[in-house]
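Quick note on my numbering: the sequence shown kicks off at 3 and runs consecutively. For every residue, glycine included, the Cβ atom is placed at its ideal position computed from N, Cα and C. All values reported here derive from a predicted model rather than from experimental measurement. Worksheet: the structure to be examined is printed underneath.
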Amino acid sequence: MATVRKFTVVPLDDARSYEDVEAIVRLVDCGRERLIQIDTYGRPTREKPGKLSQTIRLDKAAFEKLVEIGSKHF
Numbered sequence: 003m004a005t006v007r008k009f010t011v012v013p014l015d016d017a018r019s020y021e022d023v024e025a026i027v028r029l030v031d032c033g034r035e036r037l038i039q040i041d042t043y044g045r046p047t048r049e050k051p052g053k054l055s056q057t058i059r060l061d062k063a064a065f066e067k068l069v070e071i072g073s074k075h076f
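Structural data, given as structure tokens:
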């Protein structure tokens, strides 16, 4: 698991689409700070479908920056 505290924006020239997967957003309170955690789960075609695949946590500044980046992009 990793906590993201800042982003660097870099364009992706050779983007391709992927299969959809389930994701759960968790609101985390560690006492000293609050975080947004995103857990993704394996594709149905994986060896262990539905298994936790990746977890990422965003602190407040990173979440706000991601919202700003997304708003400009879309």
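Neighbourhood of residue i by C-beta distance below 8 Å, restricted to the same chain and skipping five residues each side
i          : result
residue 2  : With the chain represented from 3 up to 76, any question about residue 2 goes unanswered, as that position is not in the structure.
residue 68 : 9 and 60
Close beta carbons around residue i, own chain, < 7 Å, minus the five adjacent residues each side
i          : result
residue 71 : 9 and 11
residue 28 : 39 and 41
Residue closest to residue i, alpha-carbon to alpha-carbon, out of the options
i          : options       : result
residue 3  : 56, 69 and 67 : 56
residue 46 : 20, 67 and 75 : 20
residue 26 : 76, 53 and 35 : 53
Beta bridge counterpart(s) of residue i as assigned by DSSP
i          : result
residue 57 : 41
Contact set for residue i: own chain, Cβ-Cβ below 6 Å, skip 5 residues either direction
i          : result
residue 30 : 37 and 39
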